[in-house]
Amino acid sequence: MAHQPPATSTDPIVILGAGPAGLACATVLACHHHPRQLRILDPSGTWLSDWRRRFAQQEIPTLRSPAVHHPHPDPFALLGTGDREGLVRSGGTYLPTPARFETFVDELTGHLGLADRVEPLHALGLEQGTGGQPVLALSDGTRLPADRVVVATNARRAVIPPALRELVGDPRVATGEQADVRTACESRITVIGGGLSAAHLAIGAAQRGARVTMLARRRLTVRRFDVHPSWLGPRKLRPFAAEADPVVRRRAIEVARGGGSIPPRIHARLHECVEAGRVELRERASVIGADQRPAGIVLHLDNGTAVETDRLWLATGGRVDVSADPLLAGLATHTVIADGLPELCEDLTFPGTRVHLAGAATGLRLGPTAGNLIGHRRAAARIAAAVRGEDPERADRIQTGAGACPRLPRW
Ligand SMILES: Cc1cc2nc3c(=O)[nH]c(=O)nc-3n(C[C@H](O)[C@H](O)[C@H](O)COP(=O)(O)OP(=O)(O)OC[C@H]3O[C@@H](n4cnc5c(N)ncnc54)[C@H](O)[C@@H]3O)c2cc1C
């Protein structure tokens, strides 16, 4: 495949979204370019705002992924020189606490001169200008022509079970994205879901004195990582990449992620709450209807029983669908979409454009870990290679780029 030539344009490379996916791209690009050629836009005006908020709201004790997964291209960048503060040993690896991870991100952005570079702007539109150049319409009313755009906006929408859709808008109901254990008090809270977010919410609310009911459609699945580590290497990724049919690849992602799961250490904490009578866990329980009453919400279950609750938290997952994303819907008409995910070129561009994706939406190229920190690093390697006019697929395979990135003082 012919790779696009390196940029000759003086227009910037624009990264939309300052989450971990945008940061992974900015890190590698900042290592290879003068940061002035980069613009990073996010309405929050800061790095990792959603990430920090979610970790705080769920009071998450550690990341699920090991400390070698983070936005810098060198896997050992976070582990540094051996300081083990904020690292929790788990089955032969270290899991960073959110504080350690965020300190690392602050050091990384500070060291690369990226700390103050997130502009508090929202991209409202994305068009192809003359010669196929991407042009952004921004929330301040300006239009921004770009050499390339990296869309790392994580346009994921909460999945609400059909029986509960009419409850949306009721102030007593929150999605997993909104639910905040710090607001829990001595009330009845029902958490729907069987994954890690549901478990964190149930444990957090119980610790604050709430009477928690956790309803899961299936028996809880206990697993260390959300995707089996075999998906990090060529044994699984090579046949995945070789599969011509995007629908088959989409299905493989679904099977590999396999719905929600809970790591053993969090499962043990949940069971302590169950044994202490602070959480009532009901597995294989589906909600088939709900009544909104002034005294509480009544949930009707498929086994004929009912649960009455003061508050309802829906930790029922999220879904990316680029066709429903106003920013990408126009580009999405030019490629195959398999259940929400677009078929992208090797450099993660929409075919015939200079618009790259990063994050979960790149799943058909990167596989089931596209939405994880390791997937963000692989996306960044591919995009940076494309900017340099190199082979993106090769860059992903051998993870080039680490050598060009400066070491942090901690090393
Ligand atoms: C609670 C939780 C814990 C997780 N833990 C782990 C873990 O331990 N390990 C792991 O590998 N993965 C983990 N993940 C998965 C994944 O790494 C995170 O979801 C990660 O935040 C996704 O990064 P992102 O950059 O794609 O999206 P986000 O973090 O959601 O960032 C997207 C950014 O885009 C901005 N944005 C949106 N629209 C626009 C626009 N139009 N213009 C400009 N900016 C825009 C938003 O403001 C936001 O800041 C976790 C996810 C969650 C929710």
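Note that the numbering used here has the sequence shown beginning at 39, numbered continuously upward.
A virtual CB, placed ideally from N, CA and C, is assigned to each residue, including glycine.
It should be emphasised that the depicted structure is a prediction, and the values quoted were computed from it without experimental measurement.
Distance CB(residue i)-CB(residue j) smaller than 8 Å
{"i": "E318", "j": "T251", "result": "yes"}
{"i": "V211", "j": "G242", "result": "no"}
{"i": "V229", "j": "A240", "result": "yes"}
{"i": "A248", "j": "I227", "result": "yes"}
{"i": "A153", "j": "G57", "result": "no"}
{"i": "A418", "j": "V187", "result": "no"}
{"i": "P109", "j": "A68", "result": "no"}
{"i": "A328", "j": "L205", "result": "yes"}
{"i": "G233", "j": "A94", "result": "no"}
{"i": "T400", "j": "L382", "result": "yes"}
{"i": "E157", "j": "I78", "result": "yes"}
{"i": "V358", "j": "A396", "result": "no"}
{"i": "H305", "j": "E97", "result": "no"}
{"i": "A294", "j": "H266", "result": "yes"}
{"i": "G60", "j": "I51", "result": "no"}
{"i": "D208", "j": "Q330", "result": "yes"}
{"i": "R257", "j": "E321", "result": "yes"}
{"i": "S225", "j": "R102", "result": "no"}
{"i": "G485", "j": "G298", "result": "One cannot answer for residue 485 here, as it falls past the ends of the chain, which runs 39 to 449."}
{"i": "S128", "j": "R261", "result": "no"}
{"i": "W351", "j": "A244", "result": "no"}
Cα-Cα separation between residue i and residue j, rounded to whole angstroms
{"i": "W85", "j": "G148", "result": "11 Å"}
{"i": "E123", "j": "T131", "result": "14 Å"}
{"i": "S324", "j": "V345", "result": "11 Å"}
{"i": "V425", "j": "D185", "result": "10 Å"}
{"i": "G83", "j": "D112", "result": "26 Å"}
{"i": "P430", "j": "R415", "result": "13 Å"}
{"i": "A367", "j": "P183", "result": "19 Å"}
{"i": "P99", "j": "R90", "result": "12 Å"}
{"i": "A64", "j": "G214", "result": "28 Å"}
{"i": "L76", "j": "G390", "result": "22 Å"}
{"i": "D178", "j": "P81", "result": "11 Å"}
{"i": "G355", "j": "V197", "result": "6 Å"}
{"i": "M39", "j": "E384", "result": "Low confidence applies here, because M39 scores a pLDDT of 41, under 50, leaving its location unreliable; read the following figure in that light. One C-alpha to the other measures close to 9 Å."}
{"i": "L337", "j": "T347", "result": "8 Å"}
{"i": "R287", "j": "E281", "result": "7 Å"}
{"i": "I436", "j": "R420", "result": "11 Å"}
{"i": "F263", "j": "T48", "result": "43 Å"}
{"i": "L140", "j": "R307", "result": "Reading off the sequence, residue 140 comes out as Glu, not Leu. When rounded, the distance between both Cα atoms is 24 Å."}
{"i": "D88", "j": "G55", "result": "10 Å"}
{"i": "A370", "j": "V393", "result": "11 Å"}
{"i": "P301", "j": "G118", "result": "26 Å"}
{"i": "A314", "j": "V106", "result": "36 Å"}
{"i": "P43", "j": "H372", "result": "Caution applies to P43, whose pLDDT of 45 falls short of 50 and renders its modelled position unreliable; the model cannot decide the point."}
{"i": "R255", "j": "D340", "result": "10 Å"}
{"i": "G342", "j": "E292", "result": "30 Å"}
{"i": "L125", "j": "S268", "result": "24 Å"}
{"i": "G120", "j": "F114", "result": "10 Å"}
{"i": "R195", "j": "L253", "result": "21 Å"}
{"i": "G151", "j": "H309", "result": "45 Å"}
{"i": "S235", "j": "T168", "result": "45 Å"}
{"i": "C443", "j": "L365", "result": "31 Å"}
{"i": "A362", "j": "A193", "result": "9 Å"}
Helix, strand or coil at residue i according to DSSP, with G and I counted as helix
{"i": "P81", "result": "coil"}
{"i": "G60", "result": "helix"}
{"i": "E157", "result": "strand"}
{"i": "D49", "result": "coil"}
{"i": "H338", "result": "strand"}
{"i": "R122", "result": "coil"}
{"i": "L164", "result": "strand"}
{"i": "I453", "result": "No statement about residue 453 is possible, as the shown extent of the chain runs from 39 to 449 and does not include it."}
{"i": "A323", "result": "coil"}
{"i": "E204", "result": "helix"}
{"i": "G427", "result": "coil"}
{"i": "G356", "result": "strand"}
{"i": "L76", "result": "strand"}
{"i": "S103", "result": "coil"}
{"i": "Q95", "result": "helix"}
{"i": "H41", "result": "Any reading at H41 must be qualified, since the residue scores a pLDDT of 49, below 50, and its modelled position is unreliable; the value itself is stated next. Correct three-state label for H41: coil."}
{"i": "S268", "result": "helix"}
{"i": "T373", "result": "coil"}
{"i": "T147", "result": "helix"}
{"i": "S235", "result": "helix"}
{"i": "S177", "result": "coil"}
{"i": "P136", "result": "helix"}
How do the segment 161–175 and the segment 376–383 stand: do at least 3 beta-carbon pairs fall below 8 Å, yes or no?
no
Kindly confirm or deny that the segment 132–140 and the segment 161–168 touch, where touching means at least three C-beta pairs closer than 8 Å.
no
Are there three or more Cβ pairs, one per stretch, closer than 8 Å when the segment 265–280 is compared with the segment 402–415?
yes
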